[in-house]
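There are 2 protein chains.
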Amino acid sequence: MGARLTEANAEHGDACSHKNQQHTSCSDCRLHSICLPIALEASDIARLDQIIERSSSLERGQMACEEDQPFTSLYALRTGSLKAYRLTADGKEQITGFYLPGELFGVDGIAQNRHLTSVMALETSSICEIPFTRLEELSALIPDLQRHVFKIMSQEIAQDQQLITLLSKNSAEQRVAALLLNLSRRSARLKLSSTALRLPMSRTDIGNYLGLTVETVSRIFSRFQKAGMLEVEKREIHICNSDILAELAG
Amino acid sequence: MGARLTEANAEHGDACSHKNQQHTSCSDCRLHSICLPIALEASDIARLDQIIERSSSLERGQMACEEDQPFTSLYALRTGSLKAYRLTADGKEQITGFYLPGELFGVDGIAQNRHLTSVMALETSSICEIPFTRLEELSALIPDLQRHVFKIMSQEIAQDQQLITLLSKNSAEQRVAALLLNLSRRSARLKLSSTALRLPMSRTDIGNYLGLTVETVSRIFSRFQKAGMLEVEKREIHICNSDILAELAG
DNA sequence: CGTGCGCTTGATAATGGTCAAGACGCGTGG
DNA sequence: CCACGCGTCTTGACCATTATCAAGCGCACG
């Protein structure tokens with residue numbers, strides 16, 4: 009679970025220069041306010057636009073970046089959804105977060121110059137790539153930008169620590185309730201419904217993330233539905249009673 | 009679980025100037041190599057010495073810093089031990105890490121300008137305080153230092169994510185084994201025994217950190233002892249067979 | 001010399017995992 | 001167009017792990 013930065017450029021930024029003309033600028037982007045909550049002047053946004061080298065499209069299962077690979081860029085998710093994960097010593101996958109449009113990822117690589125996590129597309133997705141060295145140069149000119157990158161890094165820490173608490177102190181039901189509420193809030197931020205969600209991830213992924221088995225996740229969805237808190241139809245979720253859900257999550 | 013930076017100055021850095029004379033310099037410090045693994049010239053160390061304003065002593069239960077308080081400094085632990093924790097929404101404590109001498113803490117506050125965690129002394133401890141604004145100034149002169157602070161931040165992320173994996177995928181026995189091995193390694197780094205440990209934290213703290221109850225932690229210690237892997241005498245632990253322990257931890 | 005806290009141990013209960021089976025949906029290839 | 005197979009999801013029966021409750025011990029501290 010990362011945060012926000014920007015969006016830009018052509019669907020597939022390749023060598024063809026006039027193809028690159030048909031780009032969306034950050035200032036036009038629907039996700040502008042999520043991605044860049046800091047107050048940037050129009051001229052600053054234009055400068056940011058210029059450093060965003062390319063934006064690419066990923067099919068379900070394709071990687072945005074991989075654990076241990078050299079860190080070169082930050083990324084912003086424009087459309088679709090992603091999961092971030094690490095491999096454990098014995099080769100199992102541990103999902104550490106999901107990303108929705110407008111959220112920024114890749115900050116974990118800043119310090120070591122290598123990515124700590126792999127990030128995979130859960131569905132067809134498009135991302136904007138922000139070369140870090142050029143972002144650093146720009147940060148020197150726009151102090152708010154530097155500060156913003158720092159903020160995103162510590163949000164990563166804060167979110168990880170919240171997940172630690174969730175895993176350490178909460179029951180299976182509480183974990184699922186907390187995840188649903190979290191997704192609901194992030195959906196609302198995208199000006200989408202906070203009550204009607206389309207889960208981009210499988211039950212297995214949810215279980216992996218929350219430290220539960222698929223079966224348990226499935227049973228809890230059923231239980232919540234019987235209790236009238238949710239309507240579940242495959243990956244379409246309708247939250248009928250977010251108050252009870254919130255109370256449960258604590 | 010933080011990392012390293014520095015150590016310095018007098019036992020109680022107060023206003024009395026000639027009391028401040030009797031300081032230990034970073035270059036004299038026994039923890040030098042742990043705290044400052046980067047290769048700094050002698051002159052650089054001297055400059056670092058100068059910005060370390062004071063070093064204070066904490067009694068068991070006293071706070072080094074508190075959640076939501078303004079962030080002003082990074083800290084290095086010189087002697088003793090600490091626990092870092094956050095309070096959950098319903099007032100429970102979630103321990104997110106323990107610190108041993110030579111380790112640096114407080115980085116979580118960099119981005120938001122507020123500390124994300126509280127840090128409490130588990131026993132009488134002494135810490136060095138490094139005012140962040142002055143560290144930033146110095147970083148401009150010593151690029152390695154800047155890089156080092158970044159590195160420590162991402163180590164925080166990496167450690168949190170390892171804890172997430174531990175909590176999400178491992179049994180109670182595996183969690184305890186992993187913690188013991190971790191402490192053993194950190195003890196060895198201090199040129200102390202890697203097999204004879206004095207646990208600075210209570211069983212309750214261990215349970216809190218690992219998402220287990222006190223009873224479970226206690227039973228596992230007993231079980232490990234019966235299996236010949238450990239000798240447990242109150243908080244003194246002797247690791248008899250670290251290979252089996254490591255195999256168990258996975 | 002008590003009182004309280006930290007630790008251990010036992011008995012019991014509950015939560016969640018494992019194993020197994022089947023339904024449903026989707027894409028592939030005959 | 002249908003059949004097949006695979007992956008995802010659900011549900012049930014059973015079991016294991018860990019939590020809860022309760023009691024007792026020993027040490028530190030007032």
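Listed in order, the protein sequences are those of chains B and Y.
9 is the number of the first residue of the first sequence in our numbering; add one for each residue after it.
9 is the number of the first residue of the second sequence in our numbering; add one for each residue after it.
All C-beta atoms in this analysis are idealised placements derived from N, C-alpha and C, irrespective of residue type, glycine included.
| said: Can you tell me whether L153 of chain Y is buried or exposed? The criterion is at least 16 other CB atoms within 10 Å of its CB, across all chains shown. | reply: buried
| query | Roughly how many angstroms lie between the CA atoms of S64 of chain B and R86 of chain B, to the nearest whole one? | reply | 10 Å
| query | Going along the chain, which residues of its own chain have a beta-carbon closer than 6 Å to the beta-carbon of V222 of chain Y, five neighbours each way excluded? | reply | R211, T212 and G215
| field | Residues that I165 of chain Y contacts on chain B, provided the C-beta gap is smaller than 7 Å | value | D116, L124, E164, I165 and D168
| message | Excluding the 5 residues flanking E181 of chain B on each side, which residues of the same chain have their C-beta closer than 7 Å to its C-beta? | response | I228 and L256
| Beta-carbon neighbours of F158 of chain Y, restricted to chain B and to distances below 7 Å | Those are I118 and A119, listed as they occur along chain B.
| query | Excluding sequence positions up to five away, which residues of its chain have a Cβ less than 6 Å from the Cβ of S81 of chain Y? | reply | E137, I138, P139 and F140
| request: Give the straight-line distance between the Cα atoms of P78 of chain Y and A129 of chain Y, rounded to the nearest whole angstrom. | output: 19 Å
| said: Taking the straight line between their C-alpha atoms, what separation do you get for S226 of chain B and D98 of chain Y? | reply: 27 Å
| Chain-ordered neighbours of K100 of chain B on chain Y, where CB pairs are closer than 9 Å | T173 and K177
| query | So which of Y:M209, Y:A235 and Y:S250 has the shortest CA-CA distance to G69 of chain Y? | reply | Y:M209
| said: Whole angstroms are fine: how far does the CA of L188 of chain Y sit from the CA of K234 of chain Y? | reply: 16 Å
| request: Please list the partners that T132 of chain B has in chain Y, where partner means a Cβ-to-Cβ separation under 7 Å. | output: In chain order: nothing, as chain Y lies at least about 27 Å away.
| task | Give the range of the beta strand (DSSP E) segment to which I138 of chain B is assigned. | result | S133 to P139
| request: To the nearest angstrom, report how far apart G105 of chain Y and D116 of chain B are at their CA atoms. | output: 19 Å
| query | Terminal residues of the continuous beta strand (DSSP E) containing V127 of chain Y? | reply | S126 to A129
| query | Which word fits T132 of chain B, buried or exposed, when buried means at least 16 other C-beta atoms lie within 10 angstroms of its C-beta? | reply | T132 of chain B counts as exposed, since fewer than 16 other C-beta atoms from the protein chains shown sit within 10 angstroms of its C-beta.
| Can you name the residues of chain B whose CB is closer than 8 Å to the CB of R94 of chain Y? | Q169 and T173
| Sequence-distant residues of its chain with Cβ nearer than 6 Å to I150 of chain Y (five each side left out) | Once the five neighbours on either side are set aside, the close Cβ partners of I150 of chain Y are D52.
| task | Report back the beta-carbon spacing between L325 of chain Y and R243 of chain Y to the nearest angstrom; my notes put them in contact at under 8 Å. | result | Shown here, chain Y extends from 9 to 258; a query on residue 325 of chain Y therefore has no answer.
| What are the boundary residues of the alpha helix (DSSP H) that S176 of chain Y is part of? | P151 to K177
| task | Pair every Cβ in the segment 166–173 of chain B with every Cβ in the segment 109–123 of chain B, then say whether three or more of these pairs are closer than 8 Å. | result | no
| Near E164 of chain Y, which residues of its chain fall below 6 Å by C-beta distance, leaving aside the five closest residues on each side in sequence? | The beta carbon of E164 of chain Y sits closer than 6 Å to those of V115, all from its chain and outside the five residues before and after it, given in chain order.
| request: Please report how far the alpha carbon of T125 of chain Y lies from the alpha carbon of S230 of chain Y, in whole angstroms. | output: 32 Å
| field | For A254 of chain Y and R193 of chain Y, the rounded distance between their alpha carbons | value | Each residue's alpha carbon lies about 12 Å from the other.
| request: Measure the Cβ-Cβ separation of I135 of chain Y and A92 of chain Y and say whether it is below 8 Å. | output: no
| query | In whole angstroms, what separates the C-alpha of R38 of chain Y from that of A50 of chain Y? | reply | 16 Å
| task | Can you give me the Cβ contacts of Q29 of chain Y inside the same chain, cut-off strictly under 6 Å, excluding the 5 residues immediately before and after it? | result | Confidence is the limiting factor: at Q29 of chain Y the pLDDT is only 36, short of 50, which leaves the residue's position unreliable, though a coordinate-based value still follows. So the list is empty, once near-sequence residues are dropped.
| Cβ of I219 of chain B within 8 Å of any chain Y Cβ | Here the sequence assigns Gly to residue 219 of chain B, which means Ile is not the residue at that position. So, interface residue.
| task | Establish whether the CB of A72 of chain B and some CB of chain Y are separated by less than 8 Å. | result | No, its Cβ sits nowhere closer than 8 Å to a Cβ of chain Y.
| message | Out of B:N121, B:L175, B:R142 and B:A54, which one is the CA nearest neighbour of D76 of chain B? | response | B:N121
| task | Grab me the residues of T14 of chain B's own chain with a C-beta within less than 7 Å of its C-beta, minus the 5 sequence neighbours each way, in chain order. | result | Caution applies to T14 of chain B, whose pLDDT of 39 falls short of 50 and renders its modelled position unreliable; the model cannot decide the point.
| Looking at chain Y, which residues of the segment 209–240 of chain B have a Cβ within less than 7 Å of any of its Cβ atoms? | G219
| What is the rounded straight-line gap between the Cα of T96 of chain B and the Cα of S176 of chain Y? | 11 Å
| query | Roughly how many whole angstroms lie between the Cα atoms of E145 of chain B and E74 of chain B? | reply | 25 Å
| message | Rounded to whole angstroms, what is the Cα-Cα separation between I160 of chain Y and I118 of chain B? | response | 11 Å
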